[in-house]
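Student: Encoded as structure tokens, here's the structure I'll be asking about.
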Amino acid sequence: MTRKISLIDEERKKEILDAALYCFLQFGYAKTSMDDIAKQANLSRPLLYLKFKNKEDLYEGIFDYTLEGSYEEAEKILSQNISSKQKLLRVCELVLIEPWAKIEGKPKTSEFYETCSKLSPKSTQKYERQIIKFAEQILGDKETAKVFFLALEGLSADLPKTKVLRKRVELLTEKFAR
Numbered sequence: 001m002t003r004k005i006s007l008i009d010e011e012r013k014k015e016i017l018d019a020a021l022y023c024f025l026q027f028g029y030a031k032t033s034m035d036d037i038a039k040q041a042n043l044s045r046p047l048l049y050l051k052f053k054n055k056e057d058l059y060e061g062i063f064d065y066t067l068e069g070s071y072e073e074a075e076k077i078l079s080q081n082i083s084s085k086q087k088l089l090r091v092c093e094l095v096l097i098e099p100w101a102k103i104e105g106k107p108k109t110s111e112f113y114e115t116c117s118k119l120s121p122k123s124t125q126k127y128e129r130q131i132i133k134f135a136e137q138i139l140g141d142k143e144t145a146k147v148f149f150l151a152l153e154g155l156s157a158d159l160p161k162t163k164v165l166r167k168r169v170e171l172l173t174e175k176f177a178r
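Have a look at this one:
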């Protein structure tokens with residue numbers, strides 16, 4: 001019975017995060033209220049507050065939610081018997097392209113990452129550390145990995161379509177992992 005309640009609780013949390021992501025991408029952080037999120041998730045505001053203490057807590061949860069499972073999957077890629085280029089590309093797909101596809105093309109996409117940096121510095125720092133760590137393991141040295149990360153970050157600056165971002169990442173990985 002406890003396991004069933006736990007699964008229901010996790011499912012409810014995901015519904016809230018999906019609703020919040022939708023609201024933040026449509027209306028922006030400042031114009032989204034907890035009431036908006038509760039309404040989008042089809043639940044009461046008090047229930048929303050049982051899961052997340054405030055809007056900032058919810059926003060931080062969204063950043064981690066968009067990357068859920070990607071770090072673990074990237075770790076698995078590192079041990080596969082494929083070329084460095086293939087490893088780097090697949091890791092980038094997991095930690096950049098797939099999450100980007102969830103937010104790309106929405107009215108407030110440009111605001112999303114900027115707000116994440118302000119409200120979720122721990123999550124964004126973890127993101128940077130993880131990508132640099134993965135790139136270092138593939139490319140062989142930390143300085144090259146840092147340059148790769150900075151270049152990777154710049155690929156989405158003009159808010160490209162996912163298809164364009166994928167092509168850019170392919171070109172970048174081609175240059176770094178020969």
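In full-length UniProt numbering, the protein residues as written are 1 to 178.
Note that the Cβ used here is the ideal one computed from N, Cα and C, for glycine as well.
Being a predicted model, the structure only gives us computed values, none of them experimental.
Measure from the alpha carbon of K31 to the alpha carbon of each residue in F112, V164, S6 and T162, then state which is nearest.
Tutor: That would be F112, whose Cα lies nearest to the Cα of K31.
Student: Does the stretch 58–74 come close enough to the stretch 11–29 that 3 or more CB-CB pairs lie under 8 Å?
Tutor: Judged by Cβ distances under 8 Å, the stretch 11–29 makes contact with the stretch 58–74, as three or more pairs qualify.
Student: Between which two residues does the alpha helix (DSSP H) holding R178 run?
Tutor: Taken as a continuous stretch (DSSP letters only), R178 belongs to no alpha helix (DSSP H), as it is neither H nor E.
Student: Please report the straight-line C-alpha distance between L78 and C92, rounded to a whole angstrom.
Tutor: If you take the alpha carbons of L78 and C92, they lie about 12 Å apart.
Student: Indicate whether the contact test is met: 3 or more Cβ pairs, each with one atom in the stretch 106–120 and one in the stretch 73–90, closer than 8 Å.
Tutor: Not touching, per the Cβ criterion.
Student: Classify R166 as buried or exposed, calling it buried when 16 or more other Cβ atoms lie within 10 Å of its own Cβ.
Tutor: It is buried - the Cβ of R166 has at least 16 other Cβ atoms within 10 Å.
Student: Under 8 Å, with one C-beta from each stretch per pair, do the stretch 144–153 and the stretch 126–136 reach the 3-pair mark?
Tutor: Because the criterion of three Cβ pairs below 8 Å is met, the stretch 144–153 and the stretch 126–136 touch.
Student: Going by alpha carbons, who is nearest to D158 out of W100, L119, F149 and Q125?
Tutor: Checked all of W100, L119, F149 and Q125; the closest Cα to D158 is W100.
Student: What's the C-alpha gap between K122 and R129?
Tutor: Rounded to the nearest angstrom, the two C-alpha atoms are 10 Å apart.
Student: Just to confirm, is the Cβ distance from K102 to T66 under 7 Å?
Tutor: Against a cut-off of 7 Å, the Cβ pair of T66 and K102 comes out as a contact.
Student: Counting along the chain, where does the alpha helix (DSSP H) carrying E73 start and finish?
Tutor: S70 to L78 is the extent of the alpha helix (DSSP H) around E73.
Student: Please classify I8: is it buried, with 16 or more other beta-carbons within 10 angstroms of its beta-carbon, or exposed?
Tutor: Its Cβ having fewer than 16 others within 10 Å, I8 is exposed.
Student: In chain order, what are the residue ranges of uninterrupted alpha helix (DSSP H) at least 4 long that sit wholly in the UniProt domain "HTH tetR-type" (10–70)?
Tutor: Listed in chain order, they are 34–40, 45–51 and 55–66.
Student: Using the Cα positions of L171 and R178, report the straight-line distance between them to the nearest angstrom.
Tutor: When rounded, the distance between both Cα atoms is 11 Å.
Student: What residue range is occupied by the uninterrupted alpha helix (DSSP H) comprising E93?
Tutor: E93 -> no alpha helix (DSSP H), and no H or E assigned at all.
Student: Where does R90 land, buried or exposed, given buried means 16+ other C-beta within 10 angstroms?
Tutor: Looking at its Cβ environment, which holds 16 or more other Cβ atoms inside 10 Å, R90 is buried.
Student: Out of curiosity, what's the CA-to-CA distance linking E114 and L152?
Tutor: Taking the straight line joining both Cα atoms gives about 16 Å.
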